[in-house]
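Engineer: My questions all concern the structure below.
Protein chains: 2
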Amino acid sequence: MNSDNFDADVAVIGGGLAGVRAAAQLHAGGASVLVLEARDRLGGRTYTRPLGGAAFDFGGQSIGPGQPRMYQLVKDLGLEIAPAHVAGRKVLELGGKATTYAGTIPFINPLKLLTLQLILKRIERLSRQIPSEAPWDAPHASSLDSLTLEAWRRPAWAIGTEVRRLMDVVVRTVFGADAGELSLLHFLWFVSSNGGLMPLVETKGGFQQDRIVGGTQQISERLGATLSRDRIRLNAAVRTIRQDENGVTVESSSESWRAKRVVVAVPLAIAGRISYEPLLPTARDQIHQRVAMGSTVKIFATYERAFWRERGLSGEAVGTSGAISVAFDNTSNDGSVPCLLGFVVGRPARTFATMPREYRRAQMLEELARFFGPEARTPLEYAEMDWGEERFSGGCPIGNFPPGTLSVFGNALRMPVGRLHWAGTEIARQCVGYMEGAIESGDRVAEEILTVL
Amino acid sequence: MNSDNFDADVAVIGGGLAGVRAAAQLHAGGASVLVLEARDRLGGRTYTRPLGGAAFDFGGQSIGPGQPRMYQLVKDLGLEIAPAHVAGRKVLELGGKATTYAGTIPFINPLKLLTLQLILKRIERLSRQIPSEAPWDAPHASSLDSLTLEAWRRPAWAIGTEVRRLMDVVVRTVFGADAGELSLLHFLWFVSSNGGLMPLVETKGGFQQDRIVGGTQQISERLGATLSRDRIRLNAAVRTIRQDENGVTVESSSESWRAKRVVVAVPLAIAGRISYEPLLPTARDQIHQRVAMGSTVKIFATYERAFWRERGLSGEAVGTSGAISVAFDNTSNDGSVPCLLGFVVGRPARTFATMPREYRRAQMLEELARFFGPEARTPLEYAEMDWGEERFSGGCPIGNFPPGTLSVFGNALRMPVGRLHWAGTEIARQCVGYMEGAIESGDRVAEEILTVL
Numbered sequence: 101m102n103s104d105n106f107d108a109d110v111a112v113i114g115g116g117l118a119g120v121r122a123a124a125q126l127h128a129g130g131a132s133v134l135v136l137e138a139r140d141r142l143g144g145r146t147y148t149r150p151l152g153g154a155a156f157d158f159g160g161q162s163i164g165p166g167q168p169r170m171y172q173l174v175k176d177l178g179l180e181i182a183p184a185h186v187a188g189r190k191v192l193e194l195g196g197k198a199t200t201y202a203g204t205i206p207f208i209n210p211l212k213l214l215t216l217q218l219i220l221k222r223i224e225r226l227s228r229q230i231p232s233e234a235p236w237d238a239p240h241a242s243s244l245d246s247l248t249l250e251a252w253r254r255p256a257w258a259i260g261t262e263v264r265r266l267m268d269v270v271v272r273t274v275f276g277a278d279a280g281e282l283s284l285l286h287f288l289w290f291v292s293s294n295g296g297l298m299p300l301v302e303t304k305g306g307f308q309q310d311r312i313v314g315g316t317q318q319i320s321e322r323l324g325a326t327l328s329r330d331r332i333r334l335n336a337a338v339r340t341i342r343q344d345e346n347g348v349t350v351e352s353s354s355e356s357w358r359a360k361r362v363v364v365a366v367p368l369a370i371a372g373r374i375s376y377e378p379l380l381p382t383a384r385d386q387i388h389q390r391v392a393m394g395s396t397v398k399i400f401a402t403y404e405r406a407f408w409r410e411r412g413l414s415g416e417a418v419g420t421s422g423a424i425s426v427a428f429d430n431t432s433n434d435g436s437v438p439c440l441l442g443f444v445v446g447r448p449a450r451t452f453a454t455m456p457r458e459y460r461r462a463q464m465l466e467e468l469a470r471f472f473g474p475e476a477r478t479p480l481e482y483a484e485m486d487w488g489e490e491r492f493s494g495g496c497p498i499g500n501f502p503p504g505t506l507s508v509f510g511n512a513l514r515m516p517v518g519r520l521h522w523a524g525t526e527i528a529r530q531c532v533g534y535m536e537g538a539i540e541s542g543d544r545v546a547e548e549i550l551t552v553l
Numbered sequence: 101m102n103s104d105n106f107d108a109d110v111a112v113i114g115g116g117l118a119g120v121r122a123a124a125q126l127h128a129g130g131a132s133v134l135v136l137e138a139r140d141r142l143g144g145r146t147y148t149r150p151l152g153g154a155a156f157d158f159g160g161q162s163i164g165p166g167q168p169r170m171y172q173l174v175k176d177l178g179l180e181i182a183p184a185h186v187a188g189r190k191v192l193e194l195g196g197k198a199t200t201y202a203g204t205i206p207f208i209n210p211l212k213l214l215t216l217q218l219i220l221k222r223i224e225r226l227s228r229q230i231p232s233e234a235p236w237d238a239p240h241a242s243s244l245d246s247l248t249l250e251a252w253r254r255p256a257w258a259i260g261t262e263v264r265r266l267m268d269v270v271v272r273t274v275f276g277a278d279a280g281e282l283s284l285l286h287f288l289w290f291v292s293s294n295g296g297l298m299p300l301v302e303t304k305g306g307f308q309q310d311r312i313v314g315g316t317q318q319i320s321e322r323l324g325a326t327l328s329r330d331r332i333r334l335n336a337a338v339r340t341i342r343q344d345e346n347g348v349t350v351e352s353s354s355e356s357w358r359a360k361r362v363v364v365a366v367p368l369a370i371a372g373r374i375s376y377e378p379l380l381p382t383a384r385d386q387i388h389q390r391v392a393m394g395s396t397v398k399i400f401a402t403y404e405r406a407f408w409r410e411r412g413l414s415g416e417a418v419g420t421s422g423a424i425s426v427a428f429d430n431t432s433n434d435g436s437v438p439c440l441l442g443f444v445v446g447r448p449a450r451t452f453a454t455m456p457r458e459y460r461r462a463q464m465l466e467e468l469a470r471f472f473g474p475e476a477r478t479p480l481e482y483a484e485m486d487w488g489e490e491r492f493s494g495g496c497p498i499g500n501f502p503p504g505t506l507s508v509f510g511n512a513l514r515m516p517v518g519r520l521h522w523a524g525t526e527i528a529r530q531c532v533g534y535m536e537g538a539i540e541s542g543d544r545v546a547e548e549i550l551t552v553l
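Respectively, the protein sequence lines represent chains A and B.
Every position in the first sequence, counted from 1, becomes a number in our numbering once 100 is added.
Every position in the second sequence, counted from 1, becomes a number in our numbering once 100 is added.
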């Protein structure tokens, strides 16, 4: 193919946050771009849908202190934020028994609470040794990467199943996976990259603090709107990427495009489903074979009234016995659509799709009723989003590194392969796993390419 | 598409041992078949090439007692077996110091030897609790699957690095992976499925005992020859599988075929690179995202004379310091082409392809010279086979299950998905990971389909 026939300087594969941010930054830097998105929409793992007359985030939803890029971006794009509702007592269900509490510390046996605090301290201390930009360079990286989080915590947690179950909820919610699957190094890197454990679990003061009025998908849409319309191709699922000495040809099943450079901005597991010519280096290929998406289902129920608030409850709940691990008040910002949001995450999410639909709905509402009261059984509307059934995500919220991967192949994560460059929240240098990380990786890859174009 | 237009009753994707065996059995059972193979050859991970005038196996090579299907098949196909050369002393290099020994027990400190024996006993005892057909049903399956082999062995192996290094060699050679990557449940299942540890490591009496005269690829070729020639399509890399209520359409980038049923007989990681319509169930998709191929390189050096034999050495060596973990006398069966075979496996194999070719050759020959003497430096011919660079294998010898996979998703491994059926040594009910397992899985899937056609 003639090098004069480029469709763009850079083809960006994947119109999620990382991809559209990279495209917008490349465009701003003077490069011509083409965004190729497999779905019929931009946004990737951010996806905003109407329910009962308001817009709800069926994917990534919240931001919080420690994520400066997101706050700046939201402001630049003319979007507004609104804090999540937190007033009221929280619900904790441990081993089938539900109690309520105020503040951040649930009412459990003081000795167990102490254990929990000690474990959290130990995690924080260990995580501070992991360089966020290069966890494979951490002291004892290989050793930390040869254990699962479960292996590490097992002796420490002998003190009780309650502490264990609480941490299970945290791990499942953050990773969509269980402690027995995660590399300890990956876990510690994640904590390090996000400034500690507290941002991961807190609403007020943490990453669940603020929501975007109108939904997070608007961010990708507005970033996309900074490009001319013909620079974004929807329903363009890339199957093959061919590099030669002059450029790159990118092919879907029906079309092909030619660019000087390519950004692959899809989840690592999905990147592995593209065919590469020539074959990727072993290290890169092994990453694609290994990093598996978590399992996350979000369920939504809207109501006439926010009945839980009337009962003095915040709508936040933690459950250890049912399918729903955590729940939040997800009422629309103007208060017009009272809504409860439940997360089915990790192991319970993995068989979710195999349950008959009507049974699933009944079970989820029953679990909400156990947290918040019988009114939960009769919502106005009910909706669910199982990210495991999304062909172009493969799961949610993030791709997780099994043992023996990050320490061995990690330095290939951001390494360009010829004219191919990589983006995505899983390979961010800060706030890995969050929208903030996607933006960071988009900025990084745009800079990387602008210096060589 | 009209249901009258079937190209075959069954399309078999993958012309490795499992696929061609399934096709041959289906054909024998009265079904029409079509084998779609991505490469320009049958055989998959068995691959026989000429070197110095003799045929050598660049992939799967040996069989041994405990693999009855293979011995029967070899006989049925009119092939001959010849025992591997074992006479002479073996070389053991531990921490840079090479010694030689006779028999199966290397000369190491008796206390360390005792430790080693105790660990092996413990592994054998644990493995006997794992049902070969359904490891996910083992007692404590979930707990065993939440640890790496490394986490389990770490306390037991505190006694010394020598024992540890010896076991590293075994694990790397058998799995192409390190103890820090493997689920303990996967490891124990593998041992159980193959009747203990000894078959895995022994030459005489173990799975390395006998070779096929003329090479193992002949098995696939001769099985393929039981079908008419137009029933095998080479260079047919399947990209998409579409199921509907009447049948299945299978597509490469240029052609498509229609069948009533489909057997997917490619490694799990490679199966994940096919696009499925409708999307596979989450459990199956997660397996494809997770089970990663090991890393194995075979290197061959041929010589004028089998100089090591003249020195009283068998040609078998174990090394813990270099890239080559184990070596064997691989002289052609008629003795005409003296040959040494080295295995670079697990971690050292993962960067093999990044080393400059000439440097690589020099280093490998130098390591053989350290085992067997200076003559090793000047071979007649030198060849290497890095399975990590094989697009349609993704690595060798097998796909390994990371923690949290087998216990959670295992029961989806052989479960048909509509009209799709699964084969391959990784999902065998006996001798998982070996050619014997591939045959077993081919037989099982053929039977499964013949009952529903």
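Even glycine gets a Cβ: it sits at the ideal position worked out from N, Cα and C.
1. With a cut-off of 8 Å, does the C-beta of R373(B) fall near any C-beta of chain A?
2. Given this structure, state the Cα-to-Cα distance separating D429(B) from P378(B), to the nearest angstrom.
3. In chain B, which residues lie less than 8 Å from S395(A) when you measure between Cβ atoms?
4. At a CB-CB cut-off below 9 Å, which residues of chain A make contact with L247(B)?
5. What does P183(B) touch in chain A if you count any residue whose Cβ is under 8 Å from its own?
6. Would you mind giving the Cβ-Cβ distance between Q167(A) and A392(B), rounded to the nearest angstrom? I have them listed as a contact below 8 Å.
7. Residues of the stretch 494 to 513 of chain B with a CB closer than 7 Å to any CB of chain A: list them in chain order, please.
8. Please work out which residues of its chain come closer than 6 Å, Cβ to Cβ, to V545(B), disregarding the five sequence neighbours upstream and downstream, and give them in chain order.
9. For the stretch 184 to 259 of chain A, list the alpha helix (DSSP H) runs that are entirely contained and at least 4 residues long, ordered along the chain.
10. For chain A, find out if any of its Cβ atoms is closer than 8 Å to the Cβ of L379(B); answer yes or no.
11. Mind listing the chain B neighbours of A392(A)? Cutoff is C-beta to C-beta under 7 Å, in chain order.
12. Tell me where the alpha helix (DSSP H) around M464(B) begins and ends.
13. Whole angstroms are fine: how far does the CA of V301(B) sit from the CA of R264(B)?
14. What residue from R411(A), L468(A) and R460(A) has the CA that sits closest to D486(A)'s CA?
15. Quick one, which of V426(B), I113(B), G196(B) and S292(B) has its alpha-carbon nearest V135(B)'s?
16. Cβ atoms of I341(B) and L368(B): under 8 Å apart, would you say?
17. Could you work out which residue in E137(A), I399(A) and L553(A) is closest to L151(A) when comparing CA atoms only?
18. Could you name the residues that DSSP lists as bridge partners for R61(B)?
19. Can you name, in chain order, every residue of its own chain whose Cβ lies under 6 Å from the Cβ of S227(A), other than the five neighbours on each side?
20. Note the first and the last residue of the continuous alpha helix (DSSP H) segment covering R322(A).
21. Among T420(A), L441(A) and L126(A), which has the Cα closest to the Cα of A427(A)?
22. Decide if D218(A) is buried, meaning its Cβ has at least 16 other Cβ atoms within 10 Å, or exposed.
23. How far does the alpha helix (DSSP H) with W289(B) in it extend, from its first residue to its last?
24. Against chain B, does G347(A) count as a neighbour if the rule is that its beta carbon must be under 8 Å from one of theirs?
25. So which residues of chain B does R447(A) contact, with C-beta pairs closer than 8 Å?
26. So, at 8 Å on beta carbons, what are the nonlocal neighbours of V174(B) in its own chain, with the 5 sequence-adjacent residues on each side left out?
27. Could you compute how far the alpha carbon of E540(A) sits from the alpha carbon of A279(B)?
28. Straight-line CA distance for G159(A) to A453(A)?
29. Buried or exposed: which applies to Y201(A), given that a residue is buried once 16 or more other Cβ atoms fall within 10 Å of its Cβ?
30. State yes or no: is the C-beta of G394(A) within less than 8 Å of the C-beta of I498(A)?
31. Quick check on R272(A) - is its C-beta less than 8 Å from some C-beta in chain B?
32. How would you list, in chain order, the residues of chain A whose beta-carbon sits under 9 Å from the beta-carbon of T454(B)?
33. Going straight from the alpha carbon of N102(B) to that of A359(B), what length do you get?
34. Taking Cβ positions, are S283(B) and F501(B) nearer each other than 8 Å?
35. With a threshold of 8 Å between beta carbons, is G488(A) in contact with chain B?
36. V397(A) and E466(A) look like a contact to me (Cβ under 8 Å); what is the Cβ gap, rounded to whole Å?
Structural biologist: The relevant details are as follows:
1. Locating residue 373(B) in the second sequence gives position 273, counting from the first residue. By the rule that beta-carbons nearer than 8 Å mark a contact, R373(B) touches chain A.
2. Within the second sequence, numbered from 1, the residue matching residue 429(B) stands at position 329. Within the second sequence, numbered from 1, the residue matching residue 378(B) stands at position 278. Rounded to the nearest angstrom, the two C-alpha atoms are 50 Å apart.
3. Reading the first sequence from its first residue, position 295 is the one you call residue 395(A). Within chain B, the residues near S395(A) are T382 and Q386.
4. Taking the first residue of the second sequence as 1, we reach residue 247(B) at position 147. By Cβ distance, chain A contributes L247, T248, E250, A251, R254 and G280.
5. If you number the second sequence from 1, residue 183(B) lands on position 83. Per Cβ cutoff of 8 Å: no residues; P183(B) is ~34 Å from chain A at best.
6. On the first sequence, position 67 is the one that residue 167(A) refers to. On the second sequence, position 292 is the one that residue 392(B) refers to. Their Cβ separation, rounded to whole angstroms, is 32 Å, which puts Q167(A) and A392(B) out of contact at 8 Å.
7. The residues in question are G494, P502, P503, G504 and V508.
8. As a working mapping, residue 545(B) is identified with position 445 in the second sequence. The residues A122, V363, H521 and A523, in chain order, have a CB closer than 6 Å to that of V545(B) in the same chain once the five nearest residues on each side in sequence are set aside.
9. Runs of the alpha helix (DSSP H) inside the stretch 184 to 259 of chain A: 210 to 227, 241 to 244 and 249 to 256.
10. Within the second sequence, numbered from 1, the residue matching residue 379(B) stands at position 279. True, the Cβ-Cβ gap to chain A drops below 8 Å.
11. Here residue 392(A) refers to the residue found at position 292 when the first sequence is read from its first residue. The contacting residues are Q386, Q389 and R390.
12. Taking the second sequence and counting its residues from 1, the one referred to as residue 464(B) is at position 364. Its alpha helix (DSSP H) spans residues R457 to F472.
13. Your numbering for residue 264(B) matches position 164 in the second sequence. Your numbering for residue 301(B) matches position 201 in the second sequence. Straight through space, the alpha carbons of V301(B) and R264(B) are spaced by roughly 16 Å.
14. As a working note, residue 486(A) is residue 386 in the first sequence. When only C-alpha atoms are compared, the closest one is R460(A).
15. Position 35 of the second sequence, counted from the first residue, corresponds to residue 135(B). If we check each option's Cα against that of V135(B), I113(B) comes out closest.
16. Here residue 368(B) corresponds to residue number 268 of the second sequence, with the count starting at 1. Here residue 341(B) corresponds to residue number 241 of the second sequence, with the count starting at 1. No; because the gap between Cβ atoms is not below 8 Å, this pair is not in contact.
17. The residue labelled residue 151(A) in the question sits at position 51 within the first sequence. Closest option to L151(A), Cα to Cα, is I399(A).
18. Residue 61(B) falls outside the range modelled here, since chain B spans only 101 to 553, and no answer is possible.
19. Here the question's residue 227(A) lines up with position 127 in the first sequence. Around S227(A): L288, V291 and S292.
20. In the first sequence, counting from the first residue as 1, residue 322(A) sits at position 222. Unbroken alpha helix (DSSP H) run through R322(A): Q317 to G324.
21. The residue given as residue 427(A) occupies position 327 in the first sequence. Of the candidates T420(A), L441(A) and L126(A), the residue whose Cα lies closest to the Cα of A427(A) is L441(A).
22. As a working note, residue 218(A) is residue 118 in the first sequence. Contrary to the premise, residue 218(A) reads as Leu rather than Asp in this sequence. Taking every protein chain shown into account, the CB of L218(A) has fewer than 16 other CB atoms within 10 angstroms, so this residue is exposed.
23. On the second sequence, position 189 is the one that residue 289(B) refers to. Where W289(B) is concerned, the enclosing alpha helix (DSSP H) stretches over L284 to S293.
24. Translated into the one-based positions of the first sequence, residue 347(A) becomes position 247. The C-beta of G347(A) comes no closer than 8 Å to any C-beta of chain B.
25. By one-based count along the first sequence, residue 447(A) stands at place 347. Those are V508, listed as they occur along chain B.
26. For the purposes of this step, residue 174(B) is taken as the residue at position 74 of the second sequence. Spatial neighbours of V174(B) in its own chain (CB-CB distance under 8 Å, excluding positions within 5 residues in sequence) are listed in chain order as I163, E180, I181, I312 and I319.
27. Within the first sequence, residue 540(A) is the residue found at index 440, counting from 1. Within the second sequence, residue 279(B) is the residue found at index 179, counting from 1. A straight-line Cα-Cα distance of about 34 Å links E540(A) and A279(B).
28. Here the question's residue 159(A) lines up with position 59 in the first sequence. Here the question's residue 453(A) lines up with position 353 in the first sequence. Rounded to whole angstroms, the gap between the alpha carbons of G159(A) and A453(A) is 17 Å.
29. Here residue 201(A) refers to the residue found at position 101 when the first sequence is read from its first residue. With fewer than 16 other CB atoms across the displayed protein chains lying within 10 angstroms of its CB, Y201(A) is exposed.
30. On the first sequence, position 294 is the one that residue 394(A) refers to. On the first sequence, position 398 is the one that residue 498(A) refers to. Less than 8 Å divides the Cβ of G394(A) from the Cβ of I498(A).
31. Indexing the first sequence from 1 puts residue 272(A) at position 172. Not closer than 8 Å to any Cβ of chain B, the Cβ of R272(A) fails to qualify, so no.
32. If you number the second sequence from 1, residue 454(B) lands on position 354. In chain order: P381, T382 and A383.
33. Residue numbering aside, residue 102(B) sits at position 2 when the second sequence is read from its first letter. Residue numbering aside, residue 359(B) sits at position 259 when the second sequence is read from its first letter. The predicted model places N102(B) with a pLDDT of 46, which falls under 50 and marks its position as unreliable; any figure quoted below should be read in that light. C-alpha separation (whole angstroms): 11 Å.
34. By one-based count along the second sequence, residue 283(B) stands at place 183. By one-based count along the second sequence, residue 501(B) stands at place 401. Yes, Cβ-Cβ distance for S283(B) and F501(B) is below 8 Å.
35. Mapped onto the first sequence, residue 488(A) falls at position 388. Taking Cβ atoms only, chain B reaches closer than 8 Å to G488(A), which makes this a yes.
36. By 1-based counting over the first sequence, the position of residue 397(A) is 297. By 1-based counting over the first sequence, the position of residue 466(A) is 366. Distance from V397(A) to E466(A) at the Cβ level is roughly 16 Å; contact not present, criterion being Cβ atoms closer than 8 Å.
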